[in-house]
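Enquirer:
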Amino acid sequence: MRTDTKHVALIFGGRSPEHEVSIVTAHQVCVALADNHTVIPIYVTKDGVWLTGDRLRELAAFTDGDLPTAAEFDTVTVEFSGGGAFVVQPKRTSWFRAPQKTALPVDVVFPAIHGTHGEDGTLQGVLELMNLPYVGSGVVGSAVGMDKIMMKAILNENQLPIVPYLWWTQHQTGMVEKVEATLGYPVFVKPAVSGSSIGVGLAKNAEELSAAVEVALQYCRRVLVEQAVQTPREINCAVMGAREVTASVCEQPMTDAAFLTFDDKYIHETPAEAGQSAPAAMAGAERKIPAPISEELTLHIQELATRTFQVLDCTGVARIDFLMDADENVYVNEINTIPGSFSFYLWEHDSVEFPQLVSQLIELAFAVHAEKNSLTYSYNTNLLSHAGASFAKLKKGEKFGGTS
């Protein structure tokens, strides 16, 4: 384990429907890292402005009134200098003097943005360009894991079990007819890119299908329609690692509803009622941990979770959600590459407390970063000397050879 203190840039909030969930997750991480690391909070507003300031470490900065704004905190900009750096742009002291820039001493980045513009590979791409270590899956794993349509296509290609599905863009027609001819009712309708059950609807007829699609299209221009599993049970399992991965205990969220809504997941009860111990944990649905299933079925789900994690090229920690029918057929439902609270409650069962979990994720970030930097990205060639000679001939009016 790395014992020296590191400067951890904790990025949270974001232009995402899961903005508030991200704030709570980030606060948990901030508390867990406080004893062994220096946390630099970077809050991304709903308008996409990046802010920093010591008070952003406190949950009260978000719960005592309106959300923080650029009028209260320093604005953060990204500059690609010296391998990449986050730069603080202090408030202007005079109209005649340009603000002085101050680089933040970032050793590793801890993304805690759920959903779009944080969990979907966009933030990871920026960090790759800056060549900074960061926690969690890379560009490919994040992007594919977030896009339910692409994820299902890849899982299906790798013989992982999924429910039958169809998808549409907002400009295509004939959806109702095709659903009725192939999937039948009931079906679930989901935005292709979203999380926390936001925009998800259950349709039992053509009218409900059209209405559910209209809602889903408010969150994404592409819509996924899945055949509903009859009398389903949801079973979830987390996976952590990089080269070597470990699957957590399985859980079964408990609900009488057809699916867990946003409120079910986060506002159902208090942490004390749920028996959870992470600091300032989100309230959520009741869970049975371990899931009340056989040892054989548990091992099967853990194997499917591990394969899903690896097939989608994930690192760090992810939670894979499954659906199981009355005959105990198991289907991969989706993956969350930045799960709420980083699924600490699943790792606690194996005596991995939250501070240890986030520290392990930082260790993984350094290991993955070192492995990436050991690869060959470029090498010296004589291409430019040939190109120079070709251009010289071109200036003289001779035939230009070009490149292939």
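To convert a position in the sequence shown, counted from 1, into the working numbering, add 6. The beta-carbon is built from N, C-alpha and C at its ideal position, and this holds for glycine as well.
Name, in chain order, the residues that DSSP records as bridge partners for residue 325.
Expert: Bridge partners of residue 325: 244, 342.
Enquirer: Using DSSP's beta-bridge definition, name the partner residues of residue 299.
Expert: Paired residues: none, contrary to the question.
Enquirer: Where does residue 125 land, buried or exposed, given buried means 16+ other C-beta within 10 angstroms?
Expert: By the 10 Å Cβ count, residue 125 comes out buried.
Enquirer: In chain order, what residues of the same chain have a beta carbon less than 8 Å from the beta carbon of residue 313, not counting five sequence neighbours either side?
Expert: Same-chain partners within the cutoff: 164, 166.
Enquirer: Using 8 Å for Cβ pairs, my map puts residue 371 next to residue 342. What's the rounded Cβ distance?
Expert: About 18 Å separates the two Cβ atoms, so there is no contact after all.
Enquirer: Rounding to the nearest angstrom, what Cα-Cα distance links residue 412 and residue 62 in this structure?
Expert: With the chain covering only 7 through 410, there is no way to say anything about residue 412.
Enquirer: Restricting to Cα atoms, I'd like to know which of 156, 48, 234 is closest to residue 186.
Expert: Residue 186 has its Cα closest to that of 234, out of 156, 48, 234.
Enquirer: At a cut of 8 Å, does the stretch 138-150 reach the stretch 45-52 through at least three beta carbon pairs?
Expert: No, the stretch 138-150 is not in contact with the stretch 45-52.
Enquirer: Measure the alpha-carbon distance for residue 76 versus residue 171 and round it to whole angstroms.
Expert: Using only the alpha carbons, I get a separation of about 43 Å.
Enquirer: Of all the options 320, 117, 345, which has the alpha carbon lying nearest to the alpha carbon of residue 200?
Expert: Per the Cα distances, 345.
Enquirer: Secondary structure at residue 154, three-state DSSP: helix, strand or coil?
Expert: The answer is helix: DSSP assigns residue 154 an H, G or I state.
Enquirer: Helix, strand or coil for residue 55 per DSSP?
Expert: The answer is coil: DSSP assigns residue 55 none of H, G, I, E or B.
Enquirer: For residue 268 and residue 22, I'd like the C-alpha separation in whole angstroms.
Expert: No answer about residue 268 holds up, because its pLDDT of 46 lies below 50 and its placement is not dependable.
Enquirer: Closest by CA to residue 213, which one among 224, 228, 192?
Expert: Residue 213 has its Cα closest to that of 192, out of 224, 228, 192.
Enquirer: Whole angstroms is fine: what's the gap from residue 351's alpha carbon to residue 236's?
Expert: Each residue's alpha carbon lies about 28 Å from the other.
Enquirer: Kindly indicate the opening and closing residues of the alpha helix (DSSP H) around residue 130.
Expert: Element bounds for residue 130: 128-136.
Enquirer: Would residue 207 pass as a contact of residue 197 if the rule is Cβ separation under 7 Å?
Expert: Not a contact, by the Cβ cut-off of 7 Å.
Enquirer: Exposed or buried, residue 384, counting other C-beta atoms within 10 Å across all chains shown (16 or more means buried)?
Expert: Classification of residue 384: exposed, given that the 10 Å Cβ count is below 16.
Enquirer: Do you know how far the Cα of residue 375 is from the Cα of residue 14?
Expert: One C-alpha to the other measures close to 15 Å.
Enquirer: Considering only their Cβ atoms, is the gap separating residue 256 from residue 296 smaller than 7 Å?
Expert: Going by C-beta atoms, residue 296 is nearer than 7 Å to residue 256.
Enquirer: Report yes if the CB atom of residue 38 is closer than 7 Å to the CB atom of residue 361, and no otherwise.
Expert: Going by C-beta atoms, residue 38 is nearer than 7 Å to residue 361.
Enquirer: Candidates 398, 366, 392, 381: which alpha carbon is nearest residue 447's?
Expert: Because the chain here runs from 7 to 410, residue 447 falls outside it and cannot be looked at.
Enquirer: Give me, in chain order, the residues of the same chain whose beta-carbon lies closer than 7 Å to that of residue 19; leave out the 5 immediate sequence neighbours on both sides.
Expert: Only 25, 28, 29, 49, 50, 51, 119 meet the Cβ criterion.
Enquirer: For residue 233, which beta-bridge partners are listed by DSSP?
Expert: Answer by DSSP bridge pairing, in chain order: 193.
Enquirer: Around the Cβ of residue 34, are there at least 16 other Cβ atoms within 10 angstroms (buried) or fewer (exposed)?
Expert: Flag for residue 34 reads buried.
Enquirer: Under the rule that 16 or more other beta-carbon atoms within 10 Å means buried, what is residue 148, buried or exposed?
Expert: Burial call: buried.
Enquirer: Tell me, please, which residues DSSP counts as bridged to residue 62.
Expert: Answer is none; residue 62 lacks a bridge partner.
Enquirer: Look at the alpha carbon of residue 393 and the alpha carbon of residue 382, and state the distance between them as a whole number of angstroms.
Expert: Going from the Cα of residue 393 to the Cα of residue 382 covers about 23 Å.
Enquirer: What is the residue span of the alpha helix (DSSP H) that residue 368 lies within?
Expert: That run of the alpha helix (DSSP H) goes 360-379.
Enquirer: Less than 7 Å between the C-beta atoms of residue 311 and residue 299, yes or no?
Expert: Contact flag unset, no.
Enquirer: Can you tell me which of the three DSSP states residue 399 falls into?
Expert: Helix.
Enquirer: Mind checking which residues open and close the beta strand (DSSP E) that includes residue 257?
Expert: Segment 251-259, the beta strand (DSSP E) holding residue 257.
Enquirer: According to the Cβ coordinates, are residue 245 and residue 194 closer than 7 Å?
Expert: Cβ atoms of residue 245 and residue 194: not closer than 7 Å.
Enquirer: Please state if the CB of residue 222 and the CB of residue 215 are separated by a distance shorter than 7 Å.
Expert: No. Outside cutoff.
Enquirer: The alpha helix (DSSP H) with residue 186 in it runs from where to where?
Expert: Counting along the chain, the alpha helix (DSSP H) containing residue 186 begins and ends at 181-188.
Enquirer: Under three-state DSSP, which class holds residue 18?
Expert: Looking at residue 18 - three-state DSSP - the assignment turns out to be strand.
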